[in-house]
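Asker: Order-wise, the sequence lines are chains L and X.
First residue of the first sequence? That's 224 in this note's numbering, and the numbers climb one at a time after it.
First residue of the second sequence? That's 78 in this note's numbering, and the numbers climb one at a time after it.
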Amino acid sequence: MTTATPAKGRFGIYGGQYVPETLVANLHALERAYESAQHDDAFQFEVERTLRDFVGRATPLYLAEQLSADYGGRVFLKREDLTHTGAHKINNAVGQALLAKRLGKSRIVAETGAGQHGVATAAACARLGLECIVYMGALDCERQRPNVERMKLLGATVVPCEAGRRNLKVAINEAIRDWISNPDSTHYLIGSVVGPHPYPTIVRDFQSVIGREARQQFIEREGKLPDAVIACVGGGSNAMGIFAGFVRDEVELHGVEAGGRGDDHAAPLNSGTPGVLHGAMQYLLQDDDGQILNTHSIAAGLDYPGVGPEHSFLKDAGRATYHVVDDEEALAAFKELSRREGVIPAVESSHALAYAKRLLQQRPGLSVIVNLSGRGDKDLPSLIERGLL
Amino acid sequence: MSIEELEKAFATDRKALMPFLMSGHPTPESFARNLREAAEYADVIEVGVPFSDPLADGPVIQAAAAQALSHRTTLRSTLEVLTARDDGPPVVLMLSVNQVLAYGVAKFAASAKQAKVSGAIVPDLPFEESAQVREAFAHEQIALIPMLAPTTSDERKRAILGKARGFAYLISVAGVTGTRDSYPPETLAYIRSARELSPVPVCVGFGISKPQHIEQLRQSADGFIVGSALIRGIDEARSVADILKPLRRACDTALTGNRS
Ligand SMILES: Cc1ncc(COP(=O)(O)O)c(C=O)c1O
Chain L
224 MTTATPAKGR
234 FGIYGGQYVP
244 ETLVANLHAL
254 ERAYESAQHD
264 DAFQFEVERT
274 LRDFVGRATP
284 LYLAEQLSAD
294 YGGRVFLKRE
304 DLTHTGAHKI
314 NNAVGQALLA
324 KRLGKSRIVA
334 ETGAGQHGVA
344 TAAACARLGL
354 ECIVYMGALD
364 CERQRPNVER
374 MKLLGATVVP
384 CEAGRRNLKV
394 AINEAIRDWI
404 SNPDSTHYLI
414 GSVVGPHPYP
424 TIVRDFQSVI
434 GREARQQFIE
444 REGKLPDAVI
454 ACVGGGSNAM
464 GIFAGFVRDE
474 VELHGVEAGG
484 RGDDHAAPLN
494 SGTPGVLHGA
504 MQYLLQDDDG
514 QILNTHSIAA
524 GLDYPGVGPE
534 HSFLKDAGRA
544 TYHVVDDEEA
554 LAAFKELSRR
564 EGVIPAVESS
574 HALAYAKRLL
584 QQRPGLSVIV
594 NLSGRGDKDL
604 PSLIERGLL
Chain X
78 MSIEELEKAF
88 ATDRKALMPF
98 LMSGHPTPES
108 FARNLREAAE
118 YADVIEVGVP
128 FSDPLADGPV
138 IQAAAAQALS
148 HRTTLRSTLE
158 VLTARDDGPP
168 VVLMLSVNQV
178 LAYGVAKFAA
188 SAKQAKVSGA
198 IVPDLPFEES
208 AQVREAFAHE
218 QIALIPMLAP
228 TTSDERKRAI
238 LGKARGFAYL
248 ISVAGVTGTR
258 DSYPPETLAY
268 IRSARELSPV
278 PVCVGFGISK
288 PQHIEQLRQS
298 ADGFIVGSAL
308 IRGIDEARSV
318 ADILKPLRRA
328 CDTALTGNRS
């Protein structure tokens with residue numbers, strides 16, 4: 224038997240298009256538009272130009288010498304924190320905003336957890352003259368306040384969502400409901416490799432610039448491939464972006480989920496089971512009745528009960544391994560990078576860094592790339608207020 | 078109950094009225110009572126199984142689901158209530174695909190049959206993803222009720238309706254559940270075109286809340302689903318009979334037009 228070709232929009236059994244009928248036409252239109260854009264040199268040129276001149280790419284691959292000495296290996300940081308707006312989210316936001324223009328849409332809705340995707344989307348929309356509405360859990364509005372102010376300044380409307388635990392999951396619910404109510408005028412600019420097909424593919428492709436650059440930069444510098452690549456996993460877009468550059472190589476891929484505090488976490492690949500959330504089959508935190516469980520993480524961007532379908536597939540295939548870092552360990556790494564390297568990371572990215580430390584303790588001497596997905600400015604007011612620094 | 082009985086429910090010379098109740102809302106006891114009370118006015122009863130993250134629902138039904146979940150309402154407990162029902166119009170469940178998957182598709186179909194359920198509406202299971210579920214349902218004589226939206230192309234309508242059993246659920250306007258003032262003229266044209274293509278009765282839902290809506294659309298549709306308006310009425314402590322009576326009347330006079 225030949226190996227079965229996965230169905231369209233599937234990664235093994237994961238993915239698919241589990242959406243209300245009202246949205247199916249939009250997803251089909253998006254699939255077609257994306258396909259034609261991929262073969263359109265003018266579109267590709269526009270994306271590249273935007274990444275260079277607006278986003279500030281390529282981002283550096285930085286050898287963190289002191290951290291390398293502390294941890295006992297070679298630690299390279301892929302500096303997505305240095306992009307315009309301060310996180311990898313902008314790579315996808317500018318790409319999808321151009322795609323929305325191509326689709327003839329005038330209005331953009333987005334969800335945001337940490338606020339980084341919201342800020343990136345607001346910036347991309349401001350530049351292209353698109354109306355921008357960002358749904359954000361009310362808890363996240365509090366704990367990522369600087370980003371709420373930035374979005375407003377960039378001309379976006381921020382809608383706080385009060386349901387449930389007032390975090391990323393409810394923001395996605397509301398963004399999808401808005402889209403269902405305005406399917407003609409609106410593009411849903413999703414911020415991670417989640418949601419129905421073709422989103423996980425589109426977002427991965429727009430983020431894969433991280434992996435392409437990192438691979439080339441590492442080889443130029445070291446004359447070989449790294450031993451391992453490490454990234455935090457919320458929905459999984461920064462991880463898929465960097466993994467994409469190395470998935471065909473003999474390089475270990477490590478994803479890091481949020482361990483939260485004790486039983487209260489956001490680690491579906493480690494503790495979940497397959498199910499359907501937000502339009503796709505994926506690993507999920509759910510109960511026996513199929514209800515989605517509440518989550519907790521100190522990192523708003525990781526505080527989500529699901530995870531991208533491609534990660535679900537890579538886990539089952541054994542091509543990537545997924546680990547858990549809790550709030551406390553992440554905070555320690557947050558402080559360590561600030562003190563030792565003069566770089567303040569996002570609390571999300573700090574989870575990846577903490578795992579790098581653990582990995583090098585277990586296996587000293589490895590060369591690893593940590594995807595430093597964002598900067599930590601957004602986290603300071605809330606961490607200081609709560610006496611966590 | 079079976080698909081045949083569901084289809085029989087439409088073989089009358091009046092328009093079908095399909096009230097929607099949320100299992101466990103506002104409490105499991107009142108739900109069971111409302112279910113009995115609604116039976117008197119309904120041709121088919123739609124029973125929602127509360128879900129934590131319903132994408133196609135507006136605030137009223139979301140809140141009802143949250144309330145029901147706080148009373149620990151589950152798919153299992155809902156099926157138990159329905160199994161205990163003696164008699165009454167056919168019941169169709171409305172639930173999310175993840176609830177069906179978590180229960181087990183084949184097991185769900187068997188349990189639903191045992192609970193005398195005639196069909197299920199799974200709003201987040203569009204046609205392209207539905208083959209396995211539809212087959213398992215058909216095996217137990219349960220209808221997977223297809224949904225159509227104003228955004229559905231004619232080509233898709235044909236494909237979807239080609240496999241339809243029971244009835245087709247027409248989402249009246251692009252949006253989530255909730256009440257609306259009136260319907261734009263396109264709504265009428267959309268319902269007519271769907272009905273022309275449909276081998277099964279077509280029922281309109283999303284926003285039906287007053288007799289005027291039924292009067293406006295009754296020439297084109299075979300039945301009307303009343304969700305948020307009923308749930309809101311129950312939340313305001315009105316009786317189910319009080320809420321449904323005028324809607325029933327609008328459905329009954331439908332065929333004879335304006336004879337009053
Ligand atoms: C800096 C940063 N890193 C990581 C994430 C997590 O998202 P993803 O897993 O899609 O990369 C976020 C999300 O808000 C973020 O802001």
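For each residue, glycine too, the CB sits at the ideal point set by N, CA and C.
#1: Could you tell me the alpha carbon to alpha carbon distance between L/Gln439 and X/Ala179, rounded to whole angstroms?
#2: Would you mind listing the alpha helix (DSSP H) stretches within the stretch 251 to 322 of chain L that are 4+ residues and don't spill past its ends, in chain order?
#3: Look at the alpha carbon of X/Gly282 and the alpha carbon of X/Ile302, and state the distance between them as a whole number of angstroms.
#4: Would the beta-carbon of L/Leu412 be found less than 7 Å away from any heavy atom of ligand 1?
#5: Spatial neighbours of L/Cys364 within its chain, please: CB distance less than 6 Å, with the 5 preceding and 5 following residues excluded, ordered by chain position.
#6: From L/Leu290, L/Pro243 and L/Asn314, pick the residue whose C-alpha is nearest to that of L/Glu269; which is it?
#7: For a test of your reading of the model: does the CB of L/Leu525 fall under 7 Å from any non-hydrogen atom of ligand 1? Yes or no.
#8: Under 8 Å by Cβ, that's how I've got X/Asp134 and X/Thr254 pegged, so tell me the actual separation to the nearest angstrom.
#9: For ligand 1, is there any heavy atom lying closer than 7 Å to the beta carbon of L/Gln319?
#10: Could you have a look at L/Arg484 and say whether DSSP puts it in helix, strand or coil?
#11: For X/Leu202, which residues from the same chain have a beta carbon less than 7 Å from its beta carbon, with the 5 sequence-adjacent residues on both sides left out?
#12: Give me the residue from X/Gly300, X/Pro262, X/Glu123 and X/Pro278 with the minimum Cα distance to X/Ala288.
#13: Which residue's Cα is closest to the Cα of L/Gly446: L/Asp293, L/Ser590, L/Gly597 and L/Phe234?
#14: Among residues of its own chain, excluding the 5 on either side of L/Arg280, which ones have a beta-carbon nearer than 6 Å to its beta-carbon?
#15: Which of the three DSSP states, helix, strand or coil, is assigned to X/Ala88?
#16: So, do the stretch 408 to 417 of chain L and the stretch 313 to 331 of chain L have three or more beta carbon pairs nearer to each other than 8 Å?
#17: Could you please give the first and the last residue of the uninterrupted beta strand (DSSP E) stretch that includes L/Leu500?
#18: When you compare only the Cα positions, how much space is there between L/Ala398 and L/Val332?
#19: Below 8 Å on the Cβ atoms is my guess for L/Cys505 versus X/Ser129; work out the distance and round it to an integer in Å.
#20: Let me confirm a value: L/Ser291 is counted as buried when at least 16 other C-beta atoms fall within 10 Å, else exposed. Which label applies?
#21: For L/Pro532, which residues of its own chain have a beta-carbon under 7 Å away from its beta-carbon, when the five flanking residues on both sides are left out?
#22: Just to check, is the beta-carbon of L/Lys312 closer than 7 Å to a non-hydrogen atom of ligand 1?
#23: Got a sec? Which residues, its chain only, sit under 6 Å from L/Thr308 by beta carbon, not counting five neighbours each side?
#24: Using only the alpha-carbon positions, how far apart do L/Ala451 and X/Val158 sit?
#25: Which residues bound the beta strand (DSSP E) around L/His546?
#26: Using C-beta distances below 6 Å, list every residue in its chain close to L/Ala227, excluding the 5 sequence neighbours before and after it, in chain order.
#27: If you follow the beta strand (DSSP E) that L/Arg389 is in, where does it begin and where does it stop?
#28: Quick one: give me the first and last residue of the beta strand (DSSP E) that L/Tyr411 is part of.
#29: Is the CB-CB distance between L/Gly599 and L/Ala569 below 8 Å?
#30: Measure how close the beta-carbons of X/Arg272 and X/Ala251 come, nearest whole angstrom, since I'm counting them as under 8 Å.
#31: What runs of the alpha helix (DSSP H), each 4 residues or longer, lie entirely inside the stretch 171 to 234 of chain X?
#32: Counting only the same chain and skipping the five closest in sequence on each side, list residues whose C-beta sits under 6 Å from that of L/Gln339.
#33: Under 8 Å Cβ to Cβ from X/Ile80, same chain only, skipping five residues before and after it: list those, please.
#34: List, in order along the chain, the chain L residues whose C-beta lies closer than 7 Å to that of X/Ser129?
#35: Alpha carbon to alpha carbon, how far is X/Thr104 from X/Ala119?
#36: Taking any Cβ of chain X, which residues in the stretch 373 to 399 of chain L have a Cβ under 9 Å from it, in chain order?
Answerer: The answer reads as follows:
#1: 44 Å
#2: 264 to 273 and 288 to 294
#3: 5 Å
#4: Relative to ligand 1, L/Leu412 has its C-beta separated by 7 Å or more from all heavy atoms.
#5: The residues are Val371 and Pro383.
#6: L/Asn314
#7: yes
#8: Distance from X/Asp134 to X/Thr254 at the Cβ level is roughly 5 Å; contact confirmed, criterion being Cβ atoms closer than 8 Å.
#9: no
#10: Strand, per DSSP.
#11: Val174 and Val210
#12: For clarity, residue 288 of chain X is Pro in the given sequence; the question names Ala instead. When C-alpha distances from X/Pro288 are compared across X/Gly300, X/Pro262, X/Glu123 and X/Pro278, the shortest belongs to X/Gly300.
#13: Per the Cα distances, L/Ser590.
#14: Cβ within range, chain order: Leu274.
#15: coil
#16: Between the stretch 408 to 417 of chain L and the stretch 313 to 331 of chain L, the count of Cβ pairs shorter than 8 Å is three or higher; the stretches touch.
#17: Thr496 to Leu500
#18: 6 Å
#19: The sequence given here places Gln at residue 505 of chain L; Cys does not occur at that position. That belief does not hold up - the Cβ atoms of L/Gln505 and X/Ser129 are roughly 16 Å apart, past 8 Å.
#20: buried
#21: Phe234, Tyr237, Gly238, Pro423, Ala503, Met504 and Gln505
#22: yes
#23: Val342, Ala343 and Ala346
#24: 54 Å
#25: Ala543 to Asp549
#26: Reliability of the predicted coordinates at L/Ala227 is poor, the pLDDT of 48 falling under 50, and the value obtained from them is presented with this limitation in mind. None.
#27: That residue, L/Arg389, is in no beta strand (DSSP E); it is neither H nor E in DSSP.
#28: Thr409 to Tyr411
#29: Judged by beta-carbon spacing, L/Ala569 lies within the 8 Å limit of L/Gly599, meaning their Cβ atoms are closer than that value.
#30: Not quite, the Cβ-Cβ distance comes to about 19 Å (not below 8 Å), so this is no contact.
#31: 174 to 180, 182 to 191 and 208 to 216
#32: Ala310, Lys312 and Gly597
#33: Ser195, Gly196, Gln218, Ile219, Ala220, Arg242 and Gly243
#34: Gln514 and Ile515
#35: Their Cα atoms are separated by approximately 21 Å.
#36: Ala386, Gly387, Lys392, Val393, Ile395, Asn396 and Ile399
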